[in-house]
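What follows is a short report on a single structure.
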Amino acid sequence: MGTSRQPKWRRKMIPVSRWLPGFARIATSLILFVAIIFVALRVAAPYLVSSALVRSGIEDVLSKWTGYQAEIKGTPVLEFWPTPRITLNQITIRQPESRGNKLLGTIESLSADFSLLDAIRGSARFHEFHLLRPNLSLTRDQQGLIDWTYAGQLAKAITSARQEGGAEVLDQRLDATIGAITVEDGTLNVADLASGKTYHFEGVTADITWPRLSSPMTAVLIARTSGQDLKLDFSSGSPLLIFGGKVAQIKTALTSRLVTAEFTGIGGISGLVGLSGNMSVNIPDLPALLAWSGKSIPDVETLRSFSIESDIFSAANGLRFNEVALGLNDANATGVMDISIGTNARARLGGTLAFDRMNLKPFFDAFTLRLAAGEAGAPEDGGLLQKLDVDLRLSAREMQLPPFQLSDVGASIIVSSNEAKFDIGDSQFEGGEMTAHLEATRGNFDGGGKLQVSIRGADFAGLVERLQLKGPLPLANGSLDISLKTNKPIWTAGAADVSGQLAFHGNAGSIAGLDIEAIRSQAAQQKFFPLSAVSGRAFEFNRIDVAATLADGSAELRGVSVQGADETLTLSGIIPYESKGLALSGSLQATDDAKKAVLPVLPFFVGGSWPNPVISPVPLINQQPPGVQ
């Protein structure tokens, strides 16, 4: 038998096994050589690198980037392990003397990584910057842009960046490496030329990732202003376009104890033109936010919280909000809104909002606050509220107008420079229907206003019981019409400043605590007696009609007729509001003339105070025929 032959794969493995140890030796030698060079450079670096060179390099970089002149007073500190890094102290950045010597800011300490090989060759390239306690001053111009000033590298890049195909494009000659920038315990002052105010931020901490000028940028900034901590998250694939006042893709979020806000989409920092995206704002404590911002609006306590989430985009002369989810206190609504600026520089808020449940009082408060915005303590020009026109349509399945409850409500708010109207065009109220109209007019709305309410087929018995009203009141289904007006501003008018008319018409019902038989019995025995003495039973009636005139803090009853099956009660006289007093004359008489003999006319006087006045019968002998003086 012959010797068996080896497989091909085994014959190929034999040469590999021969050269593999040689390859490993070469690779190991290269690694050791690189390590030795690396360690040698770190050891020799202090002797090879000039600290003056690195220091001047930092000065040149700062001057080149800002367009200002950088000056370093402190002694540089060089570190070479684990990476080459320089730390400089007492840095000042200001304009050249030929341009005014304006101070941009100071930096207590600045650290940056640099390229060791470049430094050995006599040049310096820096990245990964860390700024300790910088104190910077910036200016925001009338267009809302930061003044990046002069011909610095950053200003040139911002000015030259353009948008092509939805992306930021920058000339390669203006591009530069940045890396990461961290800020610790800084101070920032921003002078806003548009408002004339200077905003002060302290305790500034920032982490900025920006590999190159042409690269996307992300930043997180934490600062404190006016006693409140703020956090700003920002990211954009086109930061140079954003800083230059153009619009580009942007994502930003502001977080604080008083307000949180987010925006994702196309936007800018100088205006609202070209805006498109999704935004959300949440204000958990609106009075606290207004107080923090230095705004003083009276009686704003009822407007506790506010939130909105919406798709937003620029429209003609303003903004459009679609798919709105609005929260006001405990009420939630959906709908659409828009804000526009007219030729007269007045802003207009319009739209349609649908609520499941809502409390109408905050809307009334906002309504009157808008009217009262020109009052004492407000700016001379009336403030922002006086410059805002409103045209809102509201609907709600359930609506509270404390202490009343409405359902299936359709309402509107219209406010302009010379009129203000609030209308409830349709609603269900206590089993019936209600409409209402509130209006204020003239100038700054200091000429007064009027209120009209119309209720049809409502259950006033249930309303009186639910409100726990005291005294003998009509319990019936009926209709109520109220028309009131005042010559004083409606937000300051009291009961004595209101005049108008009231009419109530009710169907069959009763007046609890009014015993007609007991009144006749007591009148035959007593010269006067309290209402409580005749409150044993209710007065059942078939119809009730009330007409009153309101003026000078009193209601004048011009004709009250309560028609029972057997007797009819009539009343007229004066009811002062503030004193709760009564001065009424009344009578009981037979409803059917055929029963006059059995139920003769019983005149009486009602005086004292509500809800337990005194009834005093008037003898018939003292009565004079009508028309006799």
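Everything in the sequence shown is counted per the working numbering, starting at 4 for the first residue and increasing by one.
Ideal Cβ placement from N, Cα and C applies to all residues, glycine included.
Note that the coordinates shown come from a computational prediction; the quantities given were computed from them, not determined experimentally.
Give me the residue from the options with the minimum Cα distance to residue i.
i	options	result
L306	K76, L289, I315	L289
V467	E265, P214, G481, Q528	G481
N192	D394, S140, P287	S140
A170	K249, K105, A264	K249
V601	D569, L574, P616	D569
V262	L243, S273, N285	N285
G567	A551, G589, I514	I514
I3	G338, D333, P620	This structure gives no information on residue 3, because the portion of the chain shown stretches from 4 to 632.
G474	Q166, D178, S535, D232	S535
P99	T86, T78, T69	T69
T228	R400, S310, W295	W295
E205	I522, L224, S217	L224
L476	S419, Q528, S538, Q525	S538
T594	V565, I577, Q403	V565
I618	L517, V64, P603	L517
R88	I61, L107, K67, K105	I61
I149	G247, T208, F358	G247
G460	S419, T212, F507	F507
Note down, in chain order, each residue of its chain lying with its Cβ closer than 7 Å to the Cβ of residue i, except the 5 sequence neighbours on either side.
i	result
A43	Caution is warranted here: a pLDDT of 43 is assigned to A43, below 50, making its placement in the model unreliable, and the coordinate value is therefore given only provisionally. Result list for A43: empty, nothing under 7 Å.
P287	S308
T267	K254, G280, N281
N510	A479, N480, G481, R546
G77	L91, N92, Q93
F41	Confidence in F41 is poor, its pLDDT being 45 and thus under 50, which makes the residue's placement unreliable; the coordinate value appears in the next sentence. Taken in chain order, the list of residues that qualify is empty.
Residue i by DSSP, collapsed to three states: which one?
i	result
T228	strand
W213	strand
F531	coil
S218	coil
K234	strand
V537	helix
T552	strand
I618	strand
K159	helix
L289	helix
P365	helix
I272	coil
L472	coil
V64	helix
T69	helix
A721	This structure cannot speak to residue 721, because the chain is shown only from 4 to 632.
E559	strand
Q175	helix
On the premise that residue j lies in contact with residue i, defined as a C-beta separation below 8 Å, what is that separation, rounded to the nearest angstrom?
i	j	result
S239	P214	Wrong, their Cβ atoms sit about 14 Å apart, outside the cutoff.
K390	R349	6 Å
T90	E74	Going by Cβ atoms, the distance from T90 to E74 rounds to 16 Å, so no, they are not a contact pair.
L216	L278	Incorrect: roughly 25 Å between the Cβ atoms, too far for contact.
S283	I245	About 20 Å; that fails the 8 Å criterion.
L585	L605	That pair is no contact at about 18 Å.
G556	A498	6 Å
If I measure Cβ to Cβ from residue i and keep anything under 6 Å in the same chain, skipping five residues before and after, which residues do I get?
i	result
F237	A222, T255
L505	I485, A551
I519	F542, E570
R396	T355, S415
H133	S114, T185
G353	D341, D394
S343	N320, G321, R351
V437	In the sequence under discussion, the amino acid at residue 437 is Met, which differs from the Val named in the question. These residues qualify, in order along the chain: S430, I458.
L257	L235, A264
Count the other CB atoms within 10 Å of the CB of residue i; is the residue buried (16 or more) or exposed (fewer)?
i	result
R323	buried
D333	exposed
D392	buried
G428	exposed
I522	buried
I527	Checking the sequence, you will find Ala at residue 527 rather than Ile. By the 10 Å Cβ count, A527 comes out exposed.
R400	exposed
L196	exposed
T489	buried
Q525	buried
A47	Because the pLDDT at A47 is just 42, under 50, the model does not fix this residue reliably, and the point stays unresolved.
D146	Per the sequence shown, residue 146 should be read as Gln rather than Asp. That one is exposed.
A328	exposed
Q175	exposed
Q252	buried
Tell me whether residue i counts as near the ligand NAP, meaning its Cβ is closer than 6 Å to at least one heavy atom of that ligand.
i	result
L107	Looking for the ligand NAP in the displayed structure turns up nothing, as the structure carries no ligands at all.
Any C-beta of chain B sitting closer than 7 Å to the C-beta of residue i?
i	result
G70	The displayed structure is made up of one protein chain only, and chain B is not part of it.
For residue i, collect the residues of the same chain with a Cβ closer than 8 Å to its Cβ; drop the 5 residues on either side in sequence, then sort them by chain order.
i	result
S612	S582, K583, G584, L585
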